[in-house]
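Inspection log for the structure reproduced underneath, given as structure tokens.
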Amino acid sequence: MSTSSLAELQSVPSSTKRTELSVEALRHEAPTAGQVNVLEARHGDPIPMYGDANARGFKTVEDLSVTDCVIAHLEAEEVDAVFGVPGGNIAPFQQALRKHASMRFIIASHESGAAFMADGYARATGKLGVCMVTAGPGATNALTGVASAHLDGVPLLAISGNVPTERVGLMALQESSSTHGVNTVEMFRQACASSVGVGDAQSFQRLLARSLRTAQGLPGGAAHLSIPANIARQPIHRATVPTTRGAFRARPPSAPFEDLRAAFTMLRTARRPLIFLGSGAREAMGQHGEAFNAFITQHGIPVATSVRAKGLFSEREALSLGVLGLAGSKRSETYLRDGVDVLLVLGSRLGEWATRSFHKHFQAIHHVIQVDVNAANIGQFLPVRLPIVADVGSVVTGLAELGQMIGPSSGARVQERWSQVMALKEPAPHVRAAQAEGMVKPQQLMAELDKHLGPDMDLYIDMGNCTAWTSNMLHVTPPTRVFYPCGLSSMGWSCGAVIGGKLGRPERAAVAITGDGAFLMNGVEMLTASRYRVGTVTIVLNDNFLGTVNHGEHVQDRSYPLEDEFYSLGNPDLERFSESLGARAYTVTAPGELDALLPEALRRADETGQPQVIIARIDYREVPPYGERFAAVASDAT
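Under our numbering, the first residue of the sequence shown is numbered 924, with each subsequent residue one higher.
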């Protein structure tokens, strides 16, 4: 970089007045040759949407059946597990997978569980998740799990069967067409990025390629193919199949240099900046976490995350504010309340989970920089001064490089930022003084779990009170990972997802945290884990209520006590239920018991492959930290 350009950028005033300049002015300050040489090669012209097929590696195969064409594509993507429930209309696939040595067909107890397993597999591995279900009820049962993955941007391919084409219109068993039965193609079209019915073998590979590009593209999500049973067996005369992984993956564009410079200047001159990480930053933080940490440390910029991005930045770092959003930390809430002048959003849609029910403190921020690979996500909630449609990783590395070349605005400004963050104190959680006999406080349970979060552990958190307790109280540090299904907020998700995740990454400990209501929905998948020797650990918060709605309604209407049986679960014996499905079960009823038990349960799961279930009887009276959500529901009801 030339001396003149360095001096030009370093001469930016330290006051926040600099951020009042138009973005166009910041973008079009002429870069010098030095700047272009350092950054433009990495952050210049967007990378093409899809790779060159010839360069990626394809081969032509004569008379390959539709079924074998699917398996060949999945092999190239290194998929080693497909999840589903058998049925006559997908018989060609289950028969082919039964003979396949390197790709297992994992038979779930229910199609929704199979879809949740495929979701967890994709999140844990970064590969494509695949579920296969039969026509009619098989497809309708899978819909929730497929939609859940799609709304979280998880790459998932759902294949459903259909009756042979010669039987369409005859009211054949489980017919799923536009003529009779449930039109599953149209049904999935409302819940996926794409849904296609296959009409003949010769056009199939084109439709398959399009579905794979959609699922693994930008922004990614779920794709569905409905394949009639007779077409699944038919040959493709000249099939083109990939030979290497990634042939259908999109490569996101890199951020233009002028946008990086504008963003850097706004952050550099801000008085109270904040970086907000969403789940769209997961890959970027995995690859460029060190560069990001160096940048925020150098400039003294605090970092908060959405619930789904929890743990992408270590929550034990001094500049971490923890989760900002529903069930977030008091530190992040206080920092936002006291005013933010520049907000950099990396990979978040800023939905209700992330914004504390669209809180007014977010709306007071005038200078917002939002980075996302999907342009449709930008500006949905807040006016955005600097929109950047690009790969989050290119922004992280670009800002880090500018920070190394130019440095912070001033030592005093950085020190002021550090002082602001260090002054924030996280209050001790409010806990009822009386300890109920035979129960443990959920706050105590989280404190004990927090001690055992190891670097080789993946957490799969369900929806309900467990979401709030874990989001608010656990301190996650990479490479520990945590996954939440916030897009559709599906109860019972973790019961399947933890199995798919463990199958995809068997070397990592897989722990599900769920409520008893969600466990009753999909806990039957313990049988799947037991049959296939998938050593998971599931911690069930057992309060014998549908706790979230019980507490949420109690906020609105105090005429009914929390003990009212309207939302009671009937006190089922969850330990015997788990054991009947092949799991080893334990019950925790007092402080210290989880702390003593969890290491042994993790060891047994790893060594024996037997799923472990810990039933933790928690105090139902403790209010989960969902303040804004409960307040919003109460407000909507008035």
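Quick reminder that beta carbons are idealized off the backbone N, C-alpha and C, glycines included. The structure presented is a predicted model; accordingly, all values stated were derived computationally and were not measured.
- Under DSSP, Lys982 takes part in a beta bridge, and its partners are Val1164.
- In this structure, the alpha-carbon of Ser1317 lies about 50 Å from that of Val1091.
- Boundaries of the alpha helix (DSSP H) harbouring Tyr1258: Lys1253 to Arg1260, taken from the DSSP string.
- A direct Cα-Cα distance of roughly 15 Å separates Glu1502 from Arg1527.
- Between His1477 and Leu1464, the C-beta gap is not smaller than 7 Å, which leaves the two residues out of contact.
- About 7 Å separates the beta carbon of Ile1422 from that of Gly1043, a gap short enough to meet the 8 Å contact definition.
- Using a Cβ distance threshold of 7 Å, Leu1197 and Pro1225 count as a contacting pair.
- Beta-carbon to beta-carbon, Asn1064 and His1033 are separated by about 6 Å, close enough to satisfy the 8 Å threshold.
- In the structure shown, the three-state DSSP call for Asn1085 is strand.
- Non-local C-beta neighbours of Leu1504 in its own chain, meaning closer than 7 Å and more than five positions away in sequence, comprise Val1447, Met1449, Leu1450 and Ser1453, ordered along the chain.
- From the listed residues Gln1303, Val1511 and Val1230, the smallest Cα separation to Tyr1383 is found for Val1230.
- As a beta-bridge residue in DSSP terms, Met1055 pairs with Gly1007 and Ile1082.
- Sequence-distant Cβ neighbours of Phe1406 in its own chain, meaning closer than 6 Å and more than five residues away, are Arg1046 and Tyr1383.
- The C-alpha of Cys1418 lies about 15 Å from the C-alpha of Arg1456.
- Straight-line spacing of the CA atoms in Ala1173 and Gly1144 works out to 12 Å.
- No Cβ-Cβ contact shorter than 7 Å links Asn1388 with Pro1142.
- Under a 10 Å Cβ-count criterion, Tyr1509 is classified as buried, with 16 or more other Cβ atoms of the shown protein chains found around its own Cβ.
- For Gly1410, the closest C-alpha among the options Arg1021, Pro1015 and Ala1072 is that of Ala1072.
- Counting the other Cβ atoms within 10 Å of the Cβ of Tyr1483 gives fewer than 16, which makes it exposed.
- The way I'd put it, the segment 1194-1210 doesn't touch the segment 1158-1167; fewer than three beta-carbon pairs between them come closer than 8 Å.
- In this structure, Asn1153 lies away from Pro1060, with their beta-carbon atoms at least 7 Å apart.
- In the three-state reduction of the DSSP assignment, Pro1378 falls in the coil class.
- In this structure, Gln1293 lies near Pro1310, with their beta-carbon atoms less than 7 Å apart.
- If you draw a straight line from the Cα of Ser1118 to the Cα of Gln1139, it comes to about 15 Å.
- Counting along the chain, Tyr1044 sits inside the alpha helix (DSSP H) bounded by residues Glu1034 to Thr1048.
- Annotation for Asp1373: no beta strand (DSSP E) segment contains it, though the alpha helix (DSSP H) segment containing it runs Pro1365 to Asp1373.
- Excluding residues up to 5 positions away in sequence, Val1363 and Gln1367 lie with their Cβ nearer than 7 Å to the Cβ of Pro1514 in the same chain.
- Considered as a whole, the segment 1439-1465 harbours 1460-1465 as its complete beta strand (DSSP E) runs of no fewer than 3 residues, in chain order.
- If you ignore the 5 residues before and after Phe1127, its C-beta comes within less than 6 Å of the C-beta of Val989 and Val1121, all in its own chain and listed in chain order.
- Contact between Lys1374 and Asp1518 holds: CB atoms are separated by about 6 Å, below the 8 Å threshold.
- Nearest Cα to Arg1544 within the set Ala1041, Pro1365, Met1328 and Lys1022: Pro1365.
- According to DSSP, residue pairing for Ile1159 in a beta bridge involves Leu987.
- Contact between the segment 1243-1258 and the segment 1209-1217 is absent: fewer than three C-beta pairs spanning the two stretches fall below 8 Å.
- Going by C-alpha positions, Glu1206 is about 44 Å away from Thr1102.
- Asp991 has its alpha-carbon roughly 14 Å from the corresponding atom of Ala1024.
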